[in-house]
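Undergrad: Residue numbers (this note's numbering): 739 to 1273.
Even for Gly, the Cβ is constructed at its ideal location relative to N, Cα and C.
The model shown is predicted, which means the values in this text are computed figures rather than measured ones.
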């Protein structure tokens, strides 16, 4: 229709060629484990046309995993294996609508998973110091590989830090699933000083979930007596006893200061077997029974400085293991000073107070040495003492009970009293005297002694009397007149001065003699009150 407008639309179609996928590769996981996701990464040449489809065959019989079309030249996937083995993994990458294919493969070794167990998680021992080669204590550590483990457990022991008082055997090993190993850990106090010593036993293994298990280890080295604890014995063989049967008895104590005395009573009327001064926490004896009895009551008595413990068991017959533990007397706890103090420093002449606290089985005797100035014994835990000289003293307390002693010392100080400056609070005289008579002066002075008195009876600058303790003095003038008297006092921390006046007059001077001199003299004389006379 010539009246209609015809519009044309141009379409351009660009056809490009597909660059085939190439250089496929697999990045495999490091030490993949059973029942744990393993990560795989596929890569192709970055020039390959996308999208790309990645298909994984993990070699364990599970269905292949397909990524669908991915607009990337890498692809990450995870897979979990259920058994340890070496698997052949194949990754196939395709593009260009499936027309192009590139393949990569790799062998992957999947490791089993061990499951470590460690018991106990702490070990400890209490021993005496430097008392012979027998002063050791064995402990045991159990390392196991769980029943659900899928591979061997490889382990080794490391001390953190390394110490001289601990020894382990074995220190490494391999445990199959459901298996375990026993490690003997031996404590030895030889050369170790008193106190608490610690270290850590680290059990390192190939268990990825728990590669390091730490066991706390404590050795307590105690001076004095360690009470017996955990006494017990066993015997073999068990069962009925026939004539001529020989049994082996093994006694032990869990803890106890050495040496230990072991006494065995085998219950058949034979003399007891006594082992004295045994430097070990174990005793092994044999005994042959000559008769046939249903059973015998066997007693093991262990004794050391802390007390005595008796363990009794029935041997033979149907009741072959009936333990009975008796204590003849309570164990003694060695005395220990836990606190020692005083109210030092004190001033000379003041009483010093001491306080002490000691723990242990009573009675406890306290012996005090006050630094060479005196001693005191008895049960007084809070004595007092007064020193006679200033200085620093080392006060030593020694305590003692039936199973031990302990000693502690402290330093105390006795100081000089605080000095009070000399001060004249009053100065008295008789105001006026007649020439030839003595004038008397009395001073009241406070302050720390000694105090030096300096008297100048005419204030000419030249003192007539100087000395300590001159608080009451007299002076006879040779001329009449008024005089100014100056008193200066001084001690170690201060000085003071006071002034007074005295008048010396000529006056009338009378004198007489009389005999006899021994009987009393009666003077029948009177005078008015306002008339002054002297005799």
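In chain order, what residues of the same chain lie with their CB nearer than 8 Å to the CB of residue 1113, ignoring the 5 residues before and after it?
TA: 1105, 1106, 1107
Undergrad: Please name the residue, chosen from 1093, 1200, 1072, that lies closest to residue 1138 on a Cα-to-Cα basis.
TA: 1072
Undergrad: Checking the sheet assignment: what are the DSSP bridge partners for residue 864?
TA: 958
Undergrad: Thinking residue 777 and residue 767 are a contact (beta carbons under 8 Å), I'd like their distance in whole angstroms, please.
TA: 5 Å
Undergrad: For residue 1253, count neighbouring C-beta atoms within 10 Å of its own C-beta (all shown protein chains included) and say buried if the count is 16 or more, exposed if not.
TA: Around the beta carbon of residue 1253, fewer than 16 other beta carbons sit within 10 angstroms, so the residue counts as exposed.
Undergrad: Please return the same chain residues whose Cβ sits closer than 7 Å to the Cβ of residue 894, not counting the five positions on each side in sequence.
TA: These residues qualify, in order along the chain: 909, 910, 942.
Undergrad: In this structure, does DSSP put residue 942 in helix, strand or coil?
TA: strand
Undergrad: I'd like to check one pair, residue 846 with residue 775: are the Cβ atoms closer than 8 Å?
TA: no
Undergrad: Can you list, in chain order, the residues of its chain whose CB lies under 6 Å from that of residue 1187, leaving out five sequence neighbours each side?
TA: none
Undergrad: On a Cα-Cα basis, can you pick out the residue from 913, 914, 897 that is closest to residue 906?
TA: For the residues 913, 914, 897, the minimum Cα distance to residue 906 belongs to 897.
Undergrad: Helix, strand or coil: which one does DSSP assign to residue 989?
TA: strand
Undergrad: Where does residue 866 land, buried or exposed, given buried means 16+ other C-beta within 10 angstroms?
TA: buried
Undergrad: Would you list the residues sitting across from residue 1010 in a DSSP beta bridge?
TA: The secondary-structure analysis by DSSP pairs residue 1010 with nothing; it has no beta-bridge partner.
Undergrad: Provide the residue span of the beta strand (DSSP E) that contains residue 1088, from first to last.
TA: Neither: residue 1088 is in no beta strand (DSSP E) and is coded neither H nor E.
Undergrad: Would the beta-carbon of residue 1218 fall within 8 Å of that of residue 1242?
TA: Against a cut-off of 8 Å, the Cβ pair of residue 1242 and residue 1218 comes out as a contact.
Undergrad: Would you list the one or two residues that DSSP bridges to residue 1169?
TA: DSSP, once it has assigned bridges, lists no residue as partnering residue 1169.
Undergrad: Rounded to whole angstroms, what is the Cα-Cα separation between residue 1028 and residue 971?
TA: Separation of residue 1028 and residue 971 (C-alpha to C-alpha, rounded to the nearest whole angstrom) is 22 Å.
Undergrad: Quick check on residue 855: does DSSP put it in helix, strand or coil?
TA: strand
Undergrad: Look at the Cβ atom of residue 1085, then the Cβ atom of residue 1160, and state whether they are nearer than 8 Å.
TA: no
Undergrad: Apart from the five residues on each side of it in sequence, which residues of its chain come closer than 6 Å, Cβ to Cβ, to residue 1095?
TA: 1076, 1077
Undergrad: In chain order, what residues of the same chain lie with their CB nearer than 7 Å to the CB of residue 1211, ignoring the 5 residues before and after it?
TA: 1179, 1193, 1203
Undergrad: Please confirm whether residue 854 and residue 951 have their CB atoms less than 8 Å apart.
TA: yes
Undergrad: Buried or exposed for residue 1277, going by 16 or more other Cβ atoms inside 10 Å?
TA: There is no way to answer for residue 1277, as the model of the chain reaches only from 739 to 1273.
Undergrad: Quick check: the segment 967-985 against the segment 872-883, are at least 3 beta-carbon pairs closer than 8 Å?
TA: no
Undergrad: Tell me which same chain residues have a C-beta within less than 8 Å of the C-beta of residue 1102, skipping the five on either side of it?
TA: 1073, 1096, 1117, 1137, 1138, 1139
Undergrad: Using the Cα positions of residue 1206 and residue 1189, report the straight-line distance between them to the nearest angstrom.
TA: Their backbone Cα atoms lie some 6 Å apart in a straight line.
Undergrad: CB residue 1016 to CB residue 998, shorter than 8 Å?
TA: yes
Undergrad: Under a three-way DSSP split, which group does residue 1112 fall into?
TA: Three-state result, residue 1112: coil.
Undergrad: Locate the beta strand (DSSP E) running through residue 794, then write down its first and last residues.
TA: 790-795
Undergrad: Who does residue 1051 pair with in a DSSP beta bridge?
TA: 1036
Undergrad: Specify the secondary structure class of residue 836 as computed by DSSP and reduced to three states.
TA: helix
Undergrad: Do residue 1042 and residue 966 have their CB atoms nearer than 8 Å?
TA: yes
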